[in-house]
């Protein structure tokens with residue numbers, strides 16, 4: 001049982017490190033999503049959205 005607990009503690013530490021390293025990627029993804037949404041809103045508001053050629 002002790003080995004299992006040690007393995008779970010190690011797994012949790014590794015997952016925490018992965019999550020910390022992914023924070024920048026997640027932030028950039030959210031920024032891009034917001035940018036894309038703002039561009040679409042602006043194009044619709046200014047009638048600049050054209051059908052694909």
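Numbering (the working numbering), first residue to last: 1 to 53.
All C-beta atoms, glycine included, are put in the ideal place defined by N, C-alpha and C.
Keep in mind it's a predicted model, so treat the numbers as computed, not measured.
Own chain, CB closer than 7 Å to residue i, minus 5 neighbours either side, in chain order
i: residue 38; result: none
Three-way DSSP call (helix, strand, coil) for residue i in this model
i: residue 12; result: helix
i: residue 23; result: helix
i: residue 1; result: coil
i: residue 40; result: helix
i: residue 50; result: coil
Span separating the alpha-carbon of residue i from that of residue j
i: residue 48; j: residue 41; result: 10 Å
i: residue 26; j: residue 16; result: 15 Å
Same chain, Cβ closer than 6 Å to residue i, five either side skipped, listed in chain order
i: residue 43; result: 49
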